[in-house]
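Residue numbers (UniProt numbering): 1 to 498.
Structural data, given as structure tokens:
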């Protein structure tokens, strides 16, 4: 049976005027009726595809949920020309020449322009011809061969030796700006590009150096070209938003709200008595100077000793592990994350209620052992956790880290520092998966989950790994076993700085 049925005249006229989205219960006007787009879910995932479809519809494009004869443009992400053709054959499509087969970069360019852009050669998926030898003058490249670079950071080793910091810093600023604007597409585009350039064992000095690399879309390519001319990174960011989100407990929505109220500095927010601040935000302002300063490796080690001694006084067999950037070998950070588990009886549930911290915000556990892992690459886990501020005494502090406060008319040296600490309590059985997730980096975790879903037909999160083909949870006693389940070479924590 032919699965492509031509729409009747009445339904076609209706669909050319309005596109209805039952999920959002709203209609979008179609401005560009001659473009009928279908976005492939393969290697993209359902959540991201749904987001892109809704975005396209809001911009006035006609985006179909199903492949049909009316489709004119097929958009794919991380799929080659031959992979798309093979997929189309599986959909009983005899003649694929009637479609424009395009890379996702064409779609993102359309979203940025707010209108269809020409489907130039750089956007089209085409059969690759045999490449000329690498010693050909026109393709002079570094010794590192671009074609061997994986799109997944979990298949790359990324240490702290960043040879392209000028570019990656700019990419992360751009990603943050797009996150403020809730533009997920461009945010992820710059984060993936930053992750990729961090893994390169050479410095990018010209446009030829990025030829053939994955994760380098048009926006990224354009910015690299600009940065080659040493345009300052500060030109790309809004410093007001960044200043607000540096306050503990203040997110993007609150920053935007304050900005719309005409506030521009932290001092102005402090002075505005009409604002209703949460308990976390009040603590953030109270200890602002300490919390925005970097946490050193020595301070992290000191806090680690305090946390381990305190936890073990209640649970002698407990395992306390520092995670995040410090586990990945970094010497500075903005907070310290700890993963806590107990191999014995489940007494750890009450640990965070012992009243050990000056400030804490406890999130109770909603973890259900039988629940399938989340399909979302950025999903938060359901373990019990505590976002806290710890008072670290510094008996020998040099003048550069001392702050002076006036008390009773006399100067007093502040001999302690407020430090952000996140404590996560996990069941012993889920500990290896939680350790992998909380070690990061965030982009490494994203790519590991994408790889599991797209290449292995598995679902991975901080709770476990589920094999969709066998319909079973895969147990692991260590991070090494998780990588083995995924068919990946083990990547050491200090090589995960994607």
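We treat Cβ as the ideally placed atom computed from N, Cα and C, and that holds for glycine.
Am I right that residue i and residue j are in contact with their C-beta atoms under 8 Å? What's the rounded C-beta distance?
i, j, result
"residue 435", "residue 339", "6 Å"
"residue 419", "residue 303", "6 Å"
"residue 79", "residue 43", "6 Å"
"residue 101", "residue 74", "5 Å"
"residue 361", "residue 387", "5 Å"
Using CA coordinates, which residue listed in the options is at the minimum distance from residue i?
i, options, result
"residue 176", "166, 164 and 190", "190"
"residue 432", "108, 442, 292 and 462", "462"
"residue 321", "336, 28 and 61", "336"
"residue 330", "30, 45, 109 and 440", "440"
"residue 179", "111, 252 and 307", "252"
"residue 484", "47, 155, 54 and 113", "155"
"residue 81", "153, 57 and 125", "125"
"residue 482", "471, 452 and 277", "452"
"residue 94", "157, 422, 290 and 69", "69"
"residue 318", "428, 32, 161 and 444", "428"
"residue 110", "208, 486 and 219", "219"
"residue 457", "437, 373, 393 and 333", "373"
"residue 290", "333, 382, 269 and 254", "333"
"residue 382", "90, 430, 343 and 388", "430"
"residue 495", "415, 195 and 120", "195"
"residue 276", "257, 467 and 293", "257"
"residue 46", "459, 467, 471 and 158", "459"
"residue 500", "299, 197 and 394", "Outside the modelled stretch of the chain, which goes from 1 to 498, sits residue 500, for which no answer is possible."
"residue 49", "72, 77 and 71", "77"
"residue 250", "225, 288, 221 and 274", "288"
If you reduce the DSSP assignment to three classes, tell me which class residue i lands in.
i, result
"residue 409", "Only weak support exists for where residue 409 lies, its pLDDT of 45 falling under 50; the value from the coordinates is given anyway. Coil, per DSSP."
"residue 185", "helix"
"residue 111", "helix"
"residue 61", "strand"
"residue 488", "coil"
"residue 163", "coil"
"residue 444", "helix"
"residue 123", "coil"
"residue 31", "coil"
"residue 275", "coil"
"residue 464", "coil"
"residue 388", "strand"
"residue 23", "Residue placement at residue 23 is poorly supported in this model, since its pLDDT is 39, which falls under 50; the coordinates are not used for a value here."
"residue 366", "coil"
"residue 404", "Reliability fails at residue 404, whose pLDDT of 41 lies under 50, so the model's placement of it is uncertain and no value is given."
"residue 169", "helix"
"residue 509", "Summary: the structure shown does not reach residue 509, with the chain confined to residues 1 through 498, and so no result is reported for it."
"residue 205", "coil"
"residue 56", "helix"
"residue 152", "coil"
"residue 46", "helix"
"residue 383", "coil"
At what residues does the alpha helix (DSSP H) containing residue i begin and finish?
i, result
"residue 303", "297 to 314"
"residue 483", "479 to 485"
"residue 280", "279 to 286"
"residue 81", "81 to 90"
"residue 226", "218 to 227"
"residue 435", "431 to 439"
"residue 252", "252 to 260"
Where do the N-terminal and C-terminal ends of the beta strand (DSSP E) with residue i fall, by residue?
i, result
"residue 416", "416 to 425"
"residue 341", "336 to 341"
"residue 321", "319 to 322"
"residue 75", "73 to 76"
"residue 100", "100 to 103"
"residue 474", "472 to 474"
message: Could you check whether the stretch 147 to 166 touches the stretch 198 to 216, counting it as contact only if at least three pairs of C-beta atoms, one from each stretch, sit closer than 8 Å?
response: yes
query: Taking three-plus beta-carbon pairs below 8 Å as touching, is the stretch 257 to 264 in contact with the stretch 195 to 208?
result: no
query: Are at least three pairs of beta-carbons, each pair with one atom in the stretch 81 to 89 and one in the stretch 162 to 175, less than 8 Å apart?
result: Cβ pair count under 8 Å is below three, so no.
message: Quick test of the definition: if touching needs 3 or more C-beta pairs under 8 Å, does the stretch 462 to 476 touch the stretch 183 to 197?
response: no
message: Quick test of the definition: if touching needs 3 or more C-beta pairs under 8 Å, does the stretch 33 to 47 touch the stretch 58 to 71?
response: yes
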